[in-house]
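Q:
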Amino acid sequence: MEETNKESTKDEIKYRGIRAMPFVIGNETFEKLGTIGSSSNLLVYLTSIFHLKTITATNIVNIFNGTCNFGTLLGAFLSDTYFGRYNILGFASVCSFLGMLVLTLTAAVSKFHPPACGNQETAPICVGPTTGQMTFLLGGFGLLVIGASGIRPCSLAFGADQFDPNTESGRRGVMSFFNWYYFTRTFAVMVSLTIIVYVQTNISWSLGLAIPTIIMFLSCALFFVGTKIYVRFVPKGSPLSSVAQVLVAAFKKRHLQLPEQPCFSLFNYVPSNSLNSILPYTNQFRFLSKAAVKTPEDHINSSDGSAVDPWSLCSIQQVEEVKCLLRVIPIWVAGTIYYVSVVQSQNYVIFQALQSDNQLGHINFHIPPASFIVISMLSITIWLPIYDRVLLPWLRKFTGKEDGITLLQKMGIGIFLSIITMIISGVVEDKRRTLAMTRPMLQMTRGKGAISSMSGLWLIPQMALSGLSEAFTLISENEFFYKQCPENMRSIAASFFFVGMAGSSYLSSFLTSVVHKTSNWLAEDLNKGKLDSFYYLIAALEILNLGYFLVCAKWYKYKGRAGDNKVSERTDQNEIVI
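Following the working numbering, the residues of the sequence shown are numbered contiguously, the last one being 643.
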């Protein structure tokens, strides 16, 4: 558990700030290189080494990614309630290393994977994995899930903990840390999807998986080396208990009537040590406000003014905090549906690339299929500085707003771009399949079919547009959850994004299974299927999602502060982006 001397007052805490950053940023960089390097090429690994069918491998990867992301909610809860960020990060880092080690052993030790396929003419049937081999592999996935569940929701907040929020240098340090965090993440993704994937595909799977494992070991070592200089706060209990109290109290008092002026008549108590800003009363979700109605049966502590029974009487501050959470849920749902397009485009672009001509010009170099995903990362890194330095100043002048356009408007643009991405993906796939049937190349993809003479470079536009779509949604959605949730729920708010990604992975797996069972669109050999129709189906889903999002954005009321009537009482009428 956390050291007791870290429970001291703010004046006694020794913030190390920049001195702690080499350990935190270094750990984050190595961790991302390791985890992304191990997981980014899983589809190819499962189909080529474990000889799983495309649908089976896709579903396993979707479920794996979904569980990793959904587990962040549990990781955030355990961190905020019991163990603290340092302990969770340390334990999760070790689990990630062990998971990568298991994955490496499945490639390096012949007993842990099926035998290689023979010549396609003499032995066209590849032997699948045994029960023991799959169990060992899934055990490694389980360790990776535990690692991701702890690292993802805690690493960003733990880094910010190292800076004093009450000083100007500390606040600047936090801003610098956020910039470095996203930079290292993008850097790690790009290195993993190019160098490490190339080693895995063209040199050796054993070496290609051993490299991320070694990197993750260095990440663990670097993290623990900095132990003595970290600021480690003792958890003060989960804010989820306050949410439960409001729901229970509101249910108990569901038959009561609200007073005519609730903002003046409801129970209003704010603890002196509360981290949250005081929120104004809002008229949305009025049934929750009944939790703050004081009845003769409710008693108040004379010492501090709090309720004797918090499960029967809650403060209006607690109620408004719960309202903040409820308001973001519809937006979260729209974000979850949006990421279905991202998940499916990143999954199937690999299979499209496997059956495309990936040779660069006349040189003897073939682009690894999984490396096409890096195009979306390049799109993000190119677009963000252009937006920040060129487009944003113009938008500020045009709209008169400091942010240029609102967070929800950015998310709406991202959803719209996802529709265009899916349509372009469908057009390109139709062209690829047509050329594969009419002008195929001489070689065949093992276990699949003819390779199209269409250059794999035609896959770049859809991935670049997918990256541009993510650039609008990724940062804006994270910032939206961070700003709109109460301050003491920001660790949980950080997990909302990953939980949404989990929902997208599960929804993608469900959609894939249904389409595969009811049609021939997702055939093992893409040339015999109709992947373009699947892309158009997702485009239609995103059109419906955009309509739903616009309704939610128009209804949404931004979190305000007490005394700021303009913010607290308004519903943003400028959220319609199309």
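Glycine included, C-beta positions come from ideal geometry on N, C-alpha and C.
Can you tell me the Cα-Cα spacing of MET199 and LEU500, whole angstroms?
A: 37 Å
Q: Alpha carbon to alpha carbon, what distance is there between ILE153 and GLY479?
A: Those two C-alpha atoms are separated by around 33 Å.
Q: One question on the structure: do SER257 and ILE101 come within less than 8 Å of each other, judged by their Cβ atoms?
A: ILE101 sits close to SER257, with the two beta carbons spaced by under 8 Å.
Q: Which residues does DSSP list as the beta-bridge partners of ILE365?
A: ALA372
Q: PHE95: buried (16+ other C-beta within 10 angstroms of its C-beta) or exposed?
A: buried
Q: Thinking C-beta only, is LEU596 closer than 8 Å to LEU602?
A: no
Q: Who are the Cβ neighbours of VAL254 in its own chain at under 6 Å, not counting the five residues just before and after it?
A: ILE101, MET442
Q: Looking at the unbroken beta strand (DSSP E) that takes in VAL516, where does it start and where does it end?
A: Looking at the sequence shown, residue 516 is not Val but Ile. Segment 515 to 517, the beta strand (DSSP E) holding ILE516.
Q: Quickly, what does DSSP pair SER520 with across the bridge? List them, please.
A: ASP422, per the DSSP bridge assignment.
Q: Please list the terminal residues of the continuous alpha helix (DSSP H) segment that includes MET554.
A: Where MET554 is concerned, there is no enclosing alpha helix (DSSP H), given that its DSSP letter is neither H nor E.
Q: What three-state label does DSSP hand PRO433 in the structure shown?
A: coil
Q: PHE298 and PHE206 look like a contact to me (Cβ under 8 Å); what is the Cβ gap, rounded to whole Å?
A: Contact flag wrong, Cβ pair sits at about 32 Å.
Q: Any idea if ASP645 is buried or exposed, counting beta-carbon neighbours within 10 angstroms, 16 or more meaning buried?
A: Any answer about residue 645 is impossible in this case: the structure gives the chain only from 66 up to 643.
Q: Can you give me the start and stop residues for the alpha helix (DSSP H) that ALA328 sits inside?
A: For the sequence presented, residue 328 should be read as Cys rather than Ala. From DSSP, the alpha helix (DSSP H) with CYS328 extends over 327 to 330.
Q: Quick one: what's got a C-beta closer than 6 Å to SER569's C-beta in the same chain, skipping five residues either side?
A: THR401, TYR404, VAL405, VAL408
Q: Can you check whether the CB of VAL167 is closer than 8 Å to the CB of GLY197?
A: no
Q: Between ILE447, LYS475, ASN92, which has its C-alpha nearest LEU460's C-alpha?
A: LYS475
Q: Just the Cα atoms here: how many angstroms apart are PHE162 and PHE546?
A: Those two C-alpha atoms are separated by around 30 Å.
Q: Express the C-alpha separation of PRO395 and LEU321 in angstroms, rounding to a whole number.
A: 27 Å
Q: Determine the direct distance from the alpha carbon of VAL308 to that of GLU325, and round the result to whole angstroms.
A: Looking at the two C-alpha atoms, the distance is approximately 25 Å.
Q: Would you list the residues sitting across from PRO505 in a DSSP beta bridge?
A: SER517.
Q: Using the rule of at least 16 other Cβ atoms within 10 Å of the residue's Cβ for burial, across every protein chain shown, is VAL306 buried or exposed?
A: Here residue 306 is Ser; the residue named in the question, Val, does not match the sequence. Burial call: exposed.
Q: Should ALA356 and SER271 be called a contact, given that it needs their Cβ atoms to be closer than 8 Å?
A: no
Q: Would you please state the rounded distance, in angstroms, between the beta carbons of ALA372 and ILE365? I believe it to be under 8 Å.
A: 6 Å
Q: Candidates PHE142, LEU117, THR292, ALA314: which alpha carbon is nearest VAL89's?
A: THR292
Q: Rounding to the nearest angstrom, what Cα-Cα distance links PHE115 and TYR246 in this structure?
A: 35 Å
Q: I'd like the list of long-range same chain contacts for LYS624, defined as Cβ closer than 6 Å, with 5 residues on each side in sequence excluded.
A: CYS389, GLN549
Q: With a 10 Å radius around its C-beta and 16 neighbouring C-beta atoms as the bar for buried, classify TYR147 as buried or exposed.
A: exposed
Q: Could you compute how far the alpha carbon of THR471 sits from the alpha carbon of GLY465?
A: Looking at the two C-alpha atoms, the distance is approximately 12 Å.
Q: Quick one: grab the DSSP three-state call for PRO277.
A: helix
Q: Taking 8 Å as the cut-off, decide whether the C-beta atoms of LEU202 and GLY164 are in contact.
A: no
Q: Do you know whose CA, among LEU606, ARG319, LEU378, lies nearest ASN333's CA?
A: LEU378
Q: In angstroms with no decimal places, state the Cα-to-Cα distance between ARG504 and HIS427.
A: 19 Å
Q: Pull up the CB-CB distance for ALA435 and ASN106, whole angstroms please, since I reckon it's below 8 Å.
A: Confirmed, Cβ separation roughly 5 Å.
Q: Drop a sphere of 10 angstroms on the beta-carbon of GLY612, count the other beta-carbons inside from all chains shown, and report buried for 16 or more, exposed for fewer.
A: An exposed status is given to GLY612, since fewer than 16 other beta-carbon atoms sit within 10 Å of its beta-carbon.
Q: May I ask which residues mark the beginning and end of the alpha helix (DSSP H) holding LYS619?
A: 596 to 620
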